[in-house]
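Trainee:
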Amino acid sequence: MKRLSGDGLGGNAGHMAFRPLPSSRRALVAVSLLLAACHSGGDKVPGNREDHQPWHDISESETVRFTGTEPFWSGQVSGSRLTYSTPDNLDGETIKVSRFAGRGGLSFSGQLAAGAMTLAITPGQCNDGMSDRRYPYMVTLQVGGDLRKGCGWTDRQPHTGGE
Numbered sequence: 051m052k053r054l055s056g057d058g059l060g061g062n063a064g065h066m067a068f069r070p071l072p073s074s075r076r077a078l079v080a081v082s083l084l085l086a087a088c089h090s091g092g093d094k095v096p097g098n099r100e101d102h103q104p105w106h107d108i109s110e111s112e113t114v115r116f117t118g119t120e121p122f123w124s125g126q127v128s129g130s131r132l133t134y135s136t137p138d139n140l141d142g143e144t145i146k147v148s149r150f151a152g153r154g155g156l157s158f159s160g161q162l163a164a165g166a167m168t169l170a171i172t173p174g175q176c177n178d179g180m181s182d183r184r185y186p187y188m189v190t191l192q193v194g195g196d197l198r199k200g201c202g203w204t205d206r207q208p209h210t211g212g213e
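Take the position in the sequence shown, starting the count at 1, then add 50; the result is the number in the numbering used here.
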């Protein structure tokens with residue numbers, strides 16, 4: 051991991067950059083980490099150590115919406131379809147994704163035109179940094195070699211605050 055300065059990631063000083071792994075290795079690493087979270091053991095494992103069920107705060111029938119800044123991006127996941135939008139593509143790119151529920155959250159994986167994509171959603175208060183909104187989920191999005199952080203919500207668990 052190397053820290054970029056200046057204009058390294060879309061003009062954001064201080065963001066972390068990761069060297070991309072080949073997609074097959076990246077998928078294997080992601081699945082390994084999420085599966086490790088399903089086993090009890092160690093104090094650093096997320097969730098309730100006695101609960102061996104996958105995380106279920108967001109049901110498979112709910113639509114998850116997400117947003118991030120610098121650069122601006124947004125989208126939603128409904129069923130096995132994810133739509134990812136940017137200011138350059140307001141209609142967005144819709145792809146098929148696979149869902150994985152670990153002990154501490156969800157992930158969705160698929161293939162965008164820009165590269166392999168993994169969206170991870172974990173519980174926790176989140177602020178977009180540009181409004182008074184508060185969101186119930188933190189979102190991490192990796193597209194190819196770019197790692198972005200944002201916020202998420204559902205209709206059942208909406209954002210609160212500003213418009």
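Backbone N, C-alpha and C define an ideal beta-carbon position, used for all residues, glycine too.
Quantities reported herein were computed from a predicted structural model and do not represent experimental measurements.
#1: Tell me the DSSP bridge mates of G118?
#2: Could you pull the DSSP bridge partners for A170 from this structure?
#3: Taking the straight line between their C-alpha atoms, what separation do you get for P137 and E100?
#4: With C-beta atoms as the reference, is L132 less than 8 Å away from I145?
#5: Could you compute how far the alpha carbon of L83 sits from the alpha carbon of V147?
#6: Using CA coordinates, which residue listed in G211, D205 and T210 is at the minimum distance from D107?
#7: Give me the DSSP bridge partner(s) of G244.
#8: I145 bridges to which residues according to DSSP?
#9: Run through DSSP, which three-state label would G92 get?
#10: Just grab the DSSP bridge partners of R184 for me.
#11: Which residues does DSSP pair with N139 in a beta bridge?
#12: Which value, in whole angstroms, describes the spacing of the CA atoms of V114 and V127?
Mentor: In brief:
#1: Numbered from 1 along the sequence shown, position 68 holds the residue referred to as residue 118. Paired residue(s): W123 and G200.
#2: Within the sequence shown, numbered from 1, the residue matching residue 170 stands at position 120. The partner list for A170 (beta bridge, DSSP) reads S157 and T190.
#3: Here residue 137 refers to the residue found at position 87 when the sequence shown is read from its first residue. Here residue 100 refers to the residue found at position 50 when the sequence shown is read from its first residue. Taking the straight line joining both Cα atoms gives about 44 Å.
#4: In the sequence shown, the residue the question calls residue 132 occupies position 82. In the sequence shown, the residue the question calls residue 145 occupies position 95. Result yes, Cβ atoms of L132 and I145 sit closer than 8 Å.
#5: The count along the sequence shown starts at 1 and reaches residue 83 at position 33. The count along the sequence shown starts at 1 and reaches residue 147 at position 97. Note that L83 has pLDDT 42, beneath the 50 cutoff, so the model's placement of it is unreliable and the number below is only indicative. When rounded, the distance between both Cα atoms is 19 Å.
#6: Here residue 107 is taken as the residue at index 57 of the sequence shown, counted from 1. When each option's Cα is compared against that of D107, the closest is D205.
#7: The structure shown does not extend to residue 244, since the chain spans only 51 to 213, so no value can be given for it.
#8: Sequence index remark: in the sequence shown, residue 145 carries index 95 (1-based). Bridge partners of I145: L132.
#9: Residue 92 sits at position 42 when you count from the first residue of the sequence shown. Residue confidence for G92 is low, a pLDDT of 46 falling below 50, so the modelled location carries little weight; the figure read from the coordinates is stated next. If DSSP states are grouped into helix, strand and coil, G92 belongs with coil.
#10: Numbered from its first residue, the sequence shown carries residue 184 at position 134. Answer is T210, bridged to R184.
#11: Sequence index remark: in the sequence shown, residue 139 carries index 89 (1-based). Answer is T136.
#12: By one-based count along the sequence shown, residue 114 stands at place 64. By one-based count along the sequence shown, residue 127 stands at place 77. Computed Cα separation, rounded: 5 Å.
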